[in-house]
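Notes follow the structure.
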DNA sequence: CTGAAAGCGCTTACAG
DNA sequence: CTGAAAGCGCTTACAG
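Next comes the structure, spelled out in structure tokens:
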């Protein structure tokens with residue numbers, strides 16, 4: 001049979017060994033970090049080039065028991081916060097020579113459970129995980145048996161490392177700001193599927209009460225549509241809000257749509273503030289007041305905690321709490337004009 | 001040694017077999033789709049539950065030579081178009097029982113090459129790929145040896161299946177629209193790293209010339225910053241543009257920032273139009289005119305082509321060309337008020 | 001430094 | 001329908 005010039009379906013380490021005139025072990029060492037003499041290394045490298053050899057990662061992982069892979073399980077990649085977080089984590093992983101499996105749960109507990117199982121079946125080295133509220137409220141009986149860092153959403157200090165924003169303080173800052181500007185009927189819009197929403201709401205509630213004001217909040221699906229409906233309803237009430245806090249950028253968009261639809265003007269008819277300093281927030285007139293999150297730092301910190309834990313699983317759980325930064329713009333600032341352009 | 005109650009580091013198919021009193025082959029069949037009797041299936045399922053067994057995907061892939069995984073290689077996950085595409089592809093993959101490895105090249109040819117190698121090492125079943133312009137201009141000598149569908153960026157019909165927008169027509173629509181509204185000095189802002197940018201520019205150039213107008217275009221890095229700089233420069237020239245076409249939503253943001261910084265008013269001082277119907281585009285006054293892309297359909301089509309090719313690699317290459325839809329808003333419409341709220 | 005051998009955890013012909 | 005055996009492509013003690 002003249003199959004000596006037929007391209008093999010796939011070239012294995014044995015083929016390379018044959019080409020180089022060495023054993024497979026030597027090829028493996030030349031490609032990895034085993035001790036190897038310079039001449040043999042060169043022979044192997046030449047053979048790799050000739051054959052177009054690419055190692056099979058499944059085989060390597062199976063044998064070495066190292067996946068070189070981390071999972072990133074997020075609730076909603078449509079939320080710009082998570083998009084930015086994904087980039088930060090991916091960059092950090094790339095630096096560290098780790099691959100990333102991205103899993104988008106869409107706030108669906110079933111899909112989340114499926115992805116958690118998948119992480120186990122992939123034998124990942126670790127997982128960075130923004131869990132649903134359902135998960136945090138009813139964690140599975142058996143703890144996850146791979147290194148985990150919770151990110152953005154953690155609930156009270158628990159079993160796992162975590163990196164979160166000081167959500168209560170951030171929301172308190174917004175309420176303080178509104179109060180100082182003279183607003184009194186301040187409503188709150190919070191995502192009902194996240195611990196983040198719960199914490200921001202608590203910050204809102206507590207601060208309102210501290211001022212002797214009645215909190216009026218609404219926990220909704222974290223989409224612009226839900227926010228638009230909720231705010232439209234508020235606006236048609238006898239005593240509509242003078243100001244609204246929205247707990248993420250999607251809710252802020254929904255609130256803004258409702259305000260526009262009602263032909264109200266910012267900030268005179270109503271004031272608005274939200275989270276995440278998206279590019280558009282400074283472009284929409286008169287500029288949106290937001291809490292900027294240090295997303296890059298959150299991603300880096302999560303990867304850093306994860307690598308520490310991968311190196312030593314016995315470490316006690318650590319929590320890193322980062323502060324948001326208030327960016328005051330026209331949507332909440334009747335008196336002054338603090339826009340940057 | 002009393003290790004009979006020590007939790008094993010990892011439970012394999014052999015452990016399950018022992019628990020169930022059957023052979024590993026039978027466990028494998030019970031978990032897969034082999035022929036199996038009902039009683040044995042039940043025994044195996046019970047044993048799986050007792051042991052908490054999770055199959056090792058690396059081993060399964062190595063042996064079965066099926067990865068059940070597709071790669072998604074994108075240029076910039078910070079561009080909302082690609083974020084939305086990611087969601088669409090992920091959903092389609094989830095439906096099909098496929099996993100997705102997301103790779104973000106950041107328009108970097110080296111990183112792109114690295115990810116292409118990775119796809120090979122992962123032995124993925126296929127790849128959906130938005131290549132850099134560098135890749136399309138200088139494709140590697142040897143074609144990719146896994147099923148590939150090019151998406152968003154394909155260049156002229158070539159070796160691979162592809163799903164693209166009719167970019168030239170879309171840009172022509174925008175120029176037509178500006179021209180009909182009386183604008184004459186119409187400039188164009190195009191990403192210099194993508195075939196998409198090149199094609200949109202061609203549509204712009206050709207249409208301008210067809211009207212007897214001088215095209216004035218600029219190919220820049222696909223970021224808001226670069227666009228802001230470019231537009232600011234134009235605005236300071238003796239004959240500044242009356243209208244600007246921006247070839248993606250990031251460039252549109254940059255253009256808008258420059259316009260704001262110059263205290264110009266839309267659409268009287270200058271008109272703007274771009275691509276991608278992002279949520280914010282209707283909220284920024286007076287609403288941004290854009291070409292909406294059928295992103296969901298693009299993602300589904302790409303996955304569909306990919307699955308066809310995975311099933312039959314000998315298929316001739318197919319190209320699907322989808323049309324954009326113009327959404328006219330205040331940023332380009334001096335006379336009428338077509339805002340939806 | 002190098003090679004022969006064993007084995008990671010599965011699946012899949014091959015017999016029965 | 002079921003089990004024993006082989007083998008996917010690597011890496012890693014183990015000798016030398």
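Protein chains in written order, with UniProt numbering: chain A, 1 to 341; chain B, 1 to 341.
Cβ atoms here follow ideal geometry from the backbone N, Cα and C, with glycine treated the same way.
- The way I'd put it, the segment 222-240 of chain A does touch the segment 188-200 of chain A; three or more beta-carbon pairs between them come closer than 8 Å.
- Counting only Cβ-Cβ distances below 8 Å, residue 141 of chain A has no contacts in chain B at all, with the closest Cβ about 11 Å away.
- DSSP places residue 192 of chain A outside both helix and strand once states are collapsed to three, so it counts as coil.
- Taking each of A:238, A:244, A:73, A:236 in turn and checking the Cα distance to residue 216 of chain A, the smallest one comes out for A:244.
- Not one beta carbon of chain A lies nearer than 9 Å to the beta carbon of residue 314 of chain B.
- Legend: CB atoms of the segment 95-112 of chain A lying less than 8 Å from CB atoms of chain B belong to residues 99, 100, 101, 102, 104, 111.
- With a beta-carbon spacing of about 6 Å, residue 287 of chain A and residue 331 of chain A fall inside the 8 Å limit used to define contacts.
- For residue 162 of chain B, DSSP records a beta bridge to B:150, B:319.
- In the displayed model, residue 198 of chain B falls within a helix according to three-state DSSP.
- Rounded to the nearest whole angstrom, the CA to CA distance from residue 263 of chain B to residue 289 of chain A is 21 Å.
- When DSSP states are grouped into helix, strand and coil, residue 126 of chain A belongs to the strand group.
- Not a single CB atom of chain A sits nearer than 9 Å to the CB of residue 319 of chain B.
- Those residues of the segment 44-59 of chain A placed with their C-beta closer than 7 Å to a C-beta in chain B are 54, 55, 56, 57, 58, 59, ordered along the chain.
- Contact annotation for residue 78 of chain A against chain B: 83, 84, 87 [CB-CB distance below 8 Å, chain order].
- Contact annotation for residue 297 of chain B against chain A: no contact, minimum CB-CB distance about 17 Å [criterion: below 7 Å].
- With the rule of 3 Cβ pairs closer than 8 Å, the segment 315-325 of chain B counts as touching the segment 160-173 of chain B.
- If you draw a straight line from the Cα of residue 151 of chain B to the Cα of residue 206 of chain A, it is about 49 Å long.
- Think of a sphere of 7 Å around the beta carbon of residue 256 of chain B: the chain A residues whose beta carbon falls inside it are 283, in chain order.
- At a cut-off of 4 residues, the continuous stretches assigned as alpha helix (DSSP H) that sit fully inside the segment 199-265 of chain B are 224-235, 249-261.
- Taking 9 Å as the threshold, the shortest C-beta distance from residue 224 of chain A to chain B falls below it.
- Under the rule that a run must span 4 or more residues, the alpha helix (DSSP H) segments found entirely inside the segment 54-83 of chain B read 57-64.
- Here the segment 79-96 of chain B lies against the segment 300-310 of chain B, with 3 or more beta-carbon pairs under 8 Å apart.
- Against chain B, the CB of residue 253 of chain A has a partner CB under 9 Å away; the residue lies at that interface.
- The DSSP-derived three-state label of residue 295 of chain B is helix.
- Within chain A, the residues 56, 58, 59, 62 have their CB atoms less than 8 Å from the CB of residue 62 of chain B, given in chain order.
- If you look at residue 13 of chain B, you'll find it in the alpha helix (DSSP H) that goes 13-20.
- Distance from the CA of residue 60 of chain B to the CA of residue 166 of chain B, rounded to the nearest whole angstrom, comes to 42 Å.
- Sequence-distant Cβ neighbours of residue 143 of chain A in its own chain, meaning closer than 6 Å and more than five residues away, are 159.
- Using a Cβ-Cβ cut-off of 9 Å, residue 120 of chain A is close to 54 of chain B, given in chain order.
- By the rule that beta-carbons nearer than 9 Å mark a contact, residue 280 of chain B touches chain A.
- Look at residue 10 of chain A here: in three-state DSSP terms it is coil, with no helix or strand label.
- An exposed status is given to residue 140 of chain B, since fewer than 16 other beta-carbon atoms sit within 10 Å of its beta-carbon.
- For residue 33 of chain A, none of the residues of chain B pass the 8 Å Cβ criterion, the least Cβ distance being about 17 Å.
- Chain-ordered, the chain B residues with CB closer than 7 Å to the CB of residue 123 of chain A read 56, 58.
- Within chain A, the residues whose beta carbon sits less than 7 Å from that of residue 90 of chain B are 104, listed in sequence order.
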